[in-house]
Amino acid sequence: MSNNEKYIEWLEKSIANNYVKHFEYTEFQDFRLIGNGAFGEVIHAYWKNQGCYVALKSFNNNKTTLKNIAKEIILHKEVDFHSNIIRIFGITSEET
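The opening residue of the sequence shown carries number 1 in our numbering; numbering runs sequentially from there.
Encoded structure:
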């Protein structure tokens, strides 16, 4: 199993076990670019189901960033209880 497949499997298991919540991309609208960097973009969007604005962080789709996505989710989950930490609600995938 390649590293890429390992991280895809980890994400799929995390979603199945409710460790990470998956949201449909159609739940978001009114996208506006906030900024971009080496790994992807940060987009301001309206979350229709919750009635609030959120930041969506997109990643370039390659082997390096799949590992970084998994690591970032794990780190966020470890400190999710702290009031000074930006919350991660879950993940979504852009419809192609």
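Ideal placement from N, C-alpha and C gives every residue a C-beta, glycine not left out.
{"Item": "C-beta contact flag for K48 and E27 at 7 Å", "Value": "yes"}
{"Item": "A55 - DSSP class collapsed to helix/strand/coil", "Value": "strand"}
{"Item": "Uninterrupted alpha helix (DSSP H) stretches inside the segment 3 to 85 (no shorter than 4 residues)", "Value": "3 to 16 and 63 to 78"}
{"Item": "Residue burial classification, V20 (beta-carbon count within 10 angstroms, cutoff 16)", "Value": "buried"}
{"Item": "Whole-angstrom distance between N3 and G51, CA atom to CA atom", "Value": "37 Å"}
{"Item": "Beta-ladder partner(s) of I91, from DSSP", "Value": "H22"}
{"Item": "Burial state of I74, where buried means 16 or more other Cβ atoms lie within 10 Å", "Value": "exposed"}
{"Item": "CA-to-CA distance, E78 to I88, given in whole angstroms", "Value": "11 Å"}
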